[in-house]
Structures are given as C-alpha cells and as structure tokens.
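Residue numbers for the sequence shown, in UniProt numbering: 1 to 553.
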Amino acid sequence: MPRAPPKRIQDSDDCDSGEEYGSPSPRPAARKRTVTKDVPLPSLDLSHLESQSRPSRSRKESMKQQENTKDAVNAKDAKIAQLMKQLKNSKKKEERTAAELRERDVNKAPAESEEEDEEPVEMSSYSASFISKGIVGETAVKPLPKKLRRSGEAQIVTPLSRNPVSRNTHSEQDDMYDDPPSKPRKQLRSSSPSRGLSFRQDPASPGGYDEQENMLEDPSPKPRKQQRSNQPGRQRRAGGHAQWSLAEAAEARKRSKATKVTLVLRKAEFVAGKAPSGSRTNLKDYTEPAARLLKRAMHRYEVRIWTLNPFPGADLQEEWVKEIWDEVCTEAEERMELTVRMAGMIKKYGSHARSTLKDGVRPLVAPTYKFTVGDTPEIISANIKLWKALLEESAFHYKALQEPLTRSGFAGNTIIIGGLRGIWFRTKAGRGVTYSEYFSPITLVTLALLFTAIEFCIDEYSSGRFQQANFDEIVNKDRYDVHLNDLTDWAGLMPPVTTSIRQQMHDSCRASTGAAVIKSAGRLTEGNRARALLELTAMNTDLEADAGAGAAE
1 MPRAPPKRIQ DSDDCDSGEE YGSPSPRPAA RKRTVTKDVP LPSLDLSHLE SQSRPSRSRK
61 ESMKQQENTK DAVNAKDAKI AQLMKQLKNS KKKEERTAAE LRERDVNKAP AESEEEDEEP
121 VEMSSYSASF ISKGIVGETA VKPLPKKLRR SGEAQIVTPL SRNPVSRNTH SEQDDMYDDP
181 PSKPRKQLRS SSPSRGLSFR QDPASPGGYD EQENMLEDPS PKPRKQQRSN QPGRQRRAGG
241 HAQWSLAEAA EARKRSKATK VTLVLRKAEF VAGKAPSGSR TNLKDYTEPA ARLLKRAMHR
301 YEVRIWTLNP FPGADLQEEW VKEIWDEVCT EAEERMELTV RMAGMIKKYG SHARSTLKDG
361 VRPLVAPTYK FTVGDTPEII SANIKLWKAL LEESAFHYKA LQEPLTRSGF AGNTIIIGGL
421 RGIWFRTKAG RGVTYSEYFS PITLVTLALL FTAIEFCIDE YSSGRFQQAN FDEIVNKDRY
481 DVHLNDLTDW AGLMPPVTTS IRQQMHDSCR ASTGAAVIKS AGRLTEGNRA RALLELTAMN
541 TDLEADAGAG AAE
C-alpha cells in the first residue's frame with residue numbers, strides 16, 4: 001500500500017510554522033516571546049538577594065601603610081607630650097608669679113603691732129657696740145643692759161655661730177639693708193640703709209665679724225620680719241639681721257668676682273647675613289675681623305703641618321685649632337667665638353699644606369735627575385733605570401749619586417735647598433720668613449716631609465712615562481716614617497754638627513729672599529764651627545783607637 005503523507009501540525013504559539021512533525025532535532029529551538037500589552041516581559045524577583053548583606057572584604061595593611069600609621073601615632077604622641085610640657089611650664093610660671101605677688105603684698109602690709117607705731121628713738125647718742133647673743137626665741141628674756149665702750153678700749157666682736165646657716169632665695173641686698181632696731185624689745189623702721197651688717201673680719205678673733213657701731217640688739221623680732229626669717233635657707237639673729245658664715249661670704253665674693261671677669265665672645269658674621277647654603281665655606285663669606293683671623297689661623301695651622309707633624313690625628317688637630325685660635329685672637333686683641341664651621345675650615349688646610357709641598361717639588365724632579373719625556377723604547381727604558389737607581393736606599397737626597405759604598409753628602413742634594421727656597425723662602429713674605437721660629441733651624445720633620453714629596457714625584461716615572469698621581473696620605477705616611485727615622489739616626493751621630501747644618505740651610509734660604517739673617521747671641525761663627533768639627537773628628541779617632549787597643553789586650 002502506498003504510504004500516507006505525514007500530517008501537518010497547525011501553527012501555534014509553541015511551534016514555528018513550517019516545521020515538520022517528527023523531524024530530528026538535537027536541541028529544541030528557543031521559544032520566541034511576543035511582547036504585547038497583554039503579555040509583558042517577564043521580571044526577575046531579586047528580593048531574596050537584597051536581604052543577604054555582602055560580607056566585608058578584609059585587607060591587610062602593607063608595610064608602608066603600617067609605617068605611616070606608626071609615624072602618625074608617634075607624631076601625635078610627641079605633640080601631646082610637647083603640649084603637656086608647655087602646660088606644665090605655664091603652671092610653674094603662674095605659681096611663681098602668684099608667689100611674688102603674695103610676697104610683695106606681705107612687704108607692703110601695714111604695721112601688725114602697736115609697738116611698730118611708736119615714734120623712733122634717736123640713736124646718735126650711743127657710741128658703743130653691744131655683744132650679740134646669737135639666735136634667741138620668740139619669748140624673750142630680760143633685755144641686756146646697755147654697755148658703752150670707753151675711749152681706747154678694744155671693740156667687742158661677735159663670735160661666729162656654729163649653727164648651720166643656709167641661703168634664702170631672696171637677694172643678698174635684702175640682708176645687707178634690713179631694718180635695724182632702735183631700742184630693746186621694740187622694733188622700729190629705719191629710713192637709712194647704711195645700718196646694715198659689716199662683713200669686716202676682726203683679725204684678733206678668727207671666724208668672727210665686727211658689726212657696725214651704733215647698733216642695738218633686740219631679742220623680740222617683728223612679726224612680719226620673723227615670718228621672713230622662718231623661711232628655709234636663712235637664719236636671723238635678734239633684731240632681724242641675717243647671720244652669714246665665713247664660707248658663705250667667701251663664696252658670695254668669689255661668685256661676684258667670677259661674674260665680673262666673664263667675657264662675652266663676639267660672634268662671626270657673614271657677608272650675606274646668614275651662613276652659605278652649600279657645604280663649603282670660604283673666607284670671602286665672612287666679614288672682618290673674622291675673615292682676617294681665620295686666614296692667620298689657617299696659615300699657622302699649615303706651618304705646623306710642615307714643621308711639627310704632617311699627619312696629625314683627630315685629637316691633635318682639635319688641640320692645634322684651639323691653641324692657634326687663641327694665639328691669633330690674642331695677637332689681634334680680638335676675642336671671637338670659634339664655631340664648628342670655622343674649626344673645620346682650619347683643619348681642612350692640612351691637606352692644602354701637603355698638596356702645596358708636592359706641587360712645589362714636582363717641577364724640580366725632572367731637571368734635577370734628568371728624566372726625559374717621550375714614548376720611545378729607549379726613553380722609557382732609561383727612565384725606569386733611573387727611577388730604580390734613585391729610590392735604592394733613598395739615593396735621591398745624597399749630594400753624590402754614586403754606588404751605595406761611595407755615596408756621600410747626606411741630605412746635600414741641590415733639590416733639597418731648591419725645594420726649601422721654592423716653597424717657603426720665595427719672597428720676604430714667605431712662610432719661612434714670616435714664621436721663622438718654626439723654620440730656624442730646619443726641623444727634621446720638614447726634611448722628612450720634603451724627602452717624602454721628592455720620592456713621590458720620582459715614583460710618578462715608575463712606568464717610564466710621567467703619570468701624575470694624587471698625594472695619598474695612607475701610602476705617603478709610611479714613606480714619611482721611614483725618612484724621619486733615617487734623619488733621626490743621622491742627627492744623633494753628632495747633634496751639634498747636624499744642628500749647625502740645618503741652621504745653615506735656614507740662613508741660606510732666608511738670605512736668598514733679601515731678608516736679614518737673625519743672629520742669636522752665642523751662636524758659633526764659621527771659624528769656631530770649623531775648629532769644633534775638627535776637634536770632634538780628632539776625638540772620635542782617639543776613641544776608636546782606644547777601643548781597638550782594649551780589644552787587642
């Protein structure tokens with residue numbers, strides 16, 4: 001039978017028109033929704049999600065945030081501490097002001113006793129002093145009878161009290177001008193401040209003080225004065241007078257004398273009105289007289305580097321700076337404060353001194369020792385050979401540059417005198433002439449430093465070519481120590497002769513400047529020096545002969 005055709009499905013809202021029934025489909029087609037007035041869009045109900053709160057997100061602070069928080073807390077604590085300190089100081093100041101006002105009101109208070117209202121008694125009729133009985137109580141006993149001193153009779157002095165006495169906070173002038181009594185058991189005010197205590201010590205009574213004449217003792221002090229005397233730090237005798245010990249009086253005089261001799265140092269001023277912003281300060285930044293004093297101090301520090309110690313330690317540098325500043329201020333009659341900045345400027349001149357020495361020697365090395373400038377193999381080889389020969393056993397400072405066995409003229413090379421003249425004795429205003437006391441005679445330190453600079457400049461030809469180097473302190477200090485030891489041994493062979501040689505170096509260099517040679521009294525003349533040298537040589541020969549004969553026996 002023929003197969004019946006498939007039945008078509010009517011169009012509806014759930015199926016698309018044109019689709020056949022039973023057609024294979026892996027996935028049902030999405031239904032299309034038609035939006036009309038009667039069929040609105042579907043809405044989602046999210047009310048159940050609104051009730052659920054989103055959990056807070058916890059985040060750990062970074063190290064930077066923790067540091068910032070810590071710094072903020074510390075700054076806040078510091079500010080609070082500062083405010084508390086200011087508040088405390090304000091309270092103290094307020095308390096001091098209130099105490100001063102109370103004391104002023106007490107001093108200005110009217111008389112509290114009828115005894116103070118009585119008329120003052122004339123004191124001019126009394127001519128004698130009365131013996132003090134020391135500190136008495138408020139309840140006074142029968143007053144002492146008035147005693148008059150006869151003409152020619154020795155004064156009666158008051159013995160020093162053994163009771164401990166402490167100083168009150170009020171001024172010493174209050175004790176010096178307390179109101180004296182006028183008659184026994186009655187306190188009267190005196191308008192004359194001349195009736196105070198006299199700190200004149202009686203030589204006949206050690207430890208005692210002699211009061212002024214025309215002064216009476218009153219065992220009953222004023223109520224107001226008694227209130228002051230009961231304050232801690234002061235004791236009063238009868239009549240309201242302060243009682244001082246000998247030690248306290250000496251201390252007061254010493255403190256007063258120390259106050260008088262205190263000097264106020266003048267501060268250095270800058271040309272711009274303030275310190276320069278950079279780290280380096282020059283002389284031109286200071287006004288006079290600070291610039292002039294600094295320049296002198298630098299030159300004197302430089303001279304000490306050349307003649308006393310070219311490589312001083314930190315402590316020695318500080319000591320030198322203080323000594324030099326005191327010297328230049330005393331010479332100029334100017335007392336000025338030495339600041340840290342100024343001290344640093346002076347100490348930096350030490351490296352300037354060593355560089356000046358090196359720069360003065362360098363031009364003399366090549367012409368003196370015949371170093372040649374060039375790049376040929378012959379020139380390089382000759383320079384290296386000369387460099388080795390000059391540094392062997394420090395041959396460069398000898399007068400005759402022969403083999404070690406025939407070498408002579410210790411410290412007699414022409415570069416020695418040439419270096420002295422070129423660096424320190426170029427003109428009459430040179431350091432060697434201005435500071436002759438440091439260079440006469442030429443010190444062993446100066447010669448050792450000069451030897452060090454010469455060796456350093458020779459070493460610049462070690463490769464056969466000239467190569468400029470820096471004058472390093474660490475390396476050259478070892479060279480300096482070696483040369484100083486050699487010079488010390490040389491000077492110890494015959495101290496008078498070596499001293500004369502070094503003095504001749506100074507005199508020759510000074511004469512080349514045109515400055516007059518300073519001759520000290522008792523110096524050996526040339527003839528006497530030559531004869532003395534012959535005598536020493538003969539004595540040395542005799543001593544060697546005696547030593548040889550003794551060894552043979």
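Note that beta-carbon positions come from the ideal geometry of N, C-alpha and C, so glycine has one too.
Given the structure is predicted, the values throughout are model-derived calculations rather than measurements.
- By the Cβ-count criterion, V433 is buried, with 16 or more other Cβ atoms from all chains shown falling within 10 Å of its own Cβ.
- For V361, the enclosing alpha helix (DSSP H) stretches over residues 340-369.
- Classified as exposed, N470 has fewer than 16 neighbouring CB atoms from the shown chains inside 10 Å of its CB.
- Non-local C-beta neighbours of T452 in its own chain, meaning closer than 7 Å and more than five positions away in sequence, comprise N476, R479, Y480, H483, ordered along the chain.
- Residue pairing of F270 in beta bridges, as defined by DSSP: Y286.
- Excluding its 5 nearest sequence neighbours in each direction, V517 has C-beta neighbours in its own chain below 7 Å: D507, R510, A511, listed in chain order.
- Following the DSSP letters along the chain, one finds V445 inside the alpha helix (DSSP H) bounded by residues 444-459.
- Here DSSP, grouped into helix, strand and coil, assigns M336 to strand.
- When DSSP states are grouped into helix, strand and coil, S408 belongs to the strand group.
- Close CB contacts of P404 within its chain, under the 8 Å cut and outside five residues either way in sequence, are with E392, E393, A395 (chain order).
- DSSP, read as helix, strand or coil, puts A291 in helix.
- With a cut-off of 8 Å on Cβ pairs, the stretch 301-316 is in contact with the stretch 418-433, counting three or more such pairs.
- The beta carbons of I384 and H397 sit about 20 Å from each other, so the pair does not count as a contact at 8 Å.
- F270 is classed as exposed because its beta carbon has fewer than 16 other beta carbons within 10 Å across all chains shown.
- In the structure shown, A382 adopts helical secondary structure according to DSSP, grouped into three states.
- Proximity of the stretch 525-541 to the stretch 485-504 meets the contact definition, three or more beta-carbon pairs being nearer than 8 Å.
- With a 10 Å radius around the Cβ and a threshold of 16 neighbouring Cβ atoms, G350 comes out buried.
- Linking W387 to S462 through their CA atoms gives a straight-line distance of about 6 Å.
- Cβ atoms of I379 and T372 come within 8 Å of each other, at about 5 Å.
- Restricting attention to A249, E337, K347, Q503, the CA atom closest to the CA of H299 is found in K347.
- Straight across, the Cα-Cα distance linking Q317 with E473 is about 15 Å.
- Judged by beta-carbon spacing, I423 lies beyond the 8 Å limit of V365, meaning their Cβ atoms are not closer than that value.
- Contact check for N309 against V445 passes: the beta carbons are separated by less than 8 Å.
- Following the DSSP letters along the chain, one finds Y480 inside the alpha helix (DSSP H) bounded by residues 473-493.
- Inter-residue distance for T513 and L401 is about 29 Å (C-alpha atoms, whole angstroms).
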